[in-house]
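Residue 182, in the numbering used here, is where the sequence shown stops; the numbers in between run on with no holes. Each residue gets a CB set at the ideal place from its N, CA and C atoms; glycine is no exception.
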Amino acid sequence: MLMHRDGVVRAEDIQLPPQRLPSRLGDEPPADGQALLARAFARPFETGEAALHATVEEQLFRATYRHCDQNQVRTAALLGVSRNVVRARLIALGELVVNTRSG
């Protein structure tokens, strides 16, 4: 509630601390990867999303595989896991089609 002895509150009566606002969109200081991840996780935490680990892992593998131009070796190196782990997860996610040999 704002009150003034004259009954009228004028702009000069209100003293607010200066705010640092970006002059245009995109002028914010770049956030590091950890900060970006923390912000990305905020929504699922707040909504209580079920099976969050599976969802995050699935998106991590899919995004990394795409980022690495669908190269399993590079994907494995970036994630710090073996190529066999990457291959198995991509098959399970339907990102990789396995050729089965008959005969």
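7 Å Cβ shell around residue i - same chain, five flanking residues per side excluded
i: Tyr144; result: Thr154, Leu169 and Glu174
i: Pro123; result: Leu131
i: Thr179; result: none
i: Leu172; result: Glu137, Phe140 and Arg141
Endpoints, alpha helix (DSSP H) assigned at residue i
i: Thr179; result: Unbroken run through Thr179: none, as it is neither H nor E.
i: Arg118; result: Gly112 to Thr126
i: His132; result: Leu131 to His146
i: Arg153; result: Gln151 to Leu158
i: Ile93; result: Taken as a continuous stretch (DSSP letters only), Ile93 belongs to no alpha helix (DSSP H), as it is neither H nor E.
i: Arg162; result: Arg162 to Leu172
C-alpha gap between residue i and residue j, whole angstroms
i: Asp148; j: Arg141; result: 11 Å
i: Asp111; j: Ala119; result: 12 Å
i: Glu91; j: Glu128; result: 47 Å
i: Leu158; j: His146; result: 12 Å
i: Leu115; j: Val135; result: 14 Å
i: Ser161; j: Ala121; result: 30 Å
i: Gln94; j: Glu125; result: 35 Å
Which listed residue (the options) has its alpha carbon closest to that of residue i
i: Glu137; options: Ala167, Val87, Ala117 and Arg84; result: Ala167
Beta-carbon proximity of residue i to residue j, cut-off 7 Å
i: Val164; j: Gln151; result: no
Cutoff 6 Å; reference residue i; Cβ partners in own chain excluding five residues on either side
i: Glu82; result: Checking the displayed sequence, the identity of residue 82 turns out to be Met instead of Glu. So the list is empty, once near-sequence residues are dropped.
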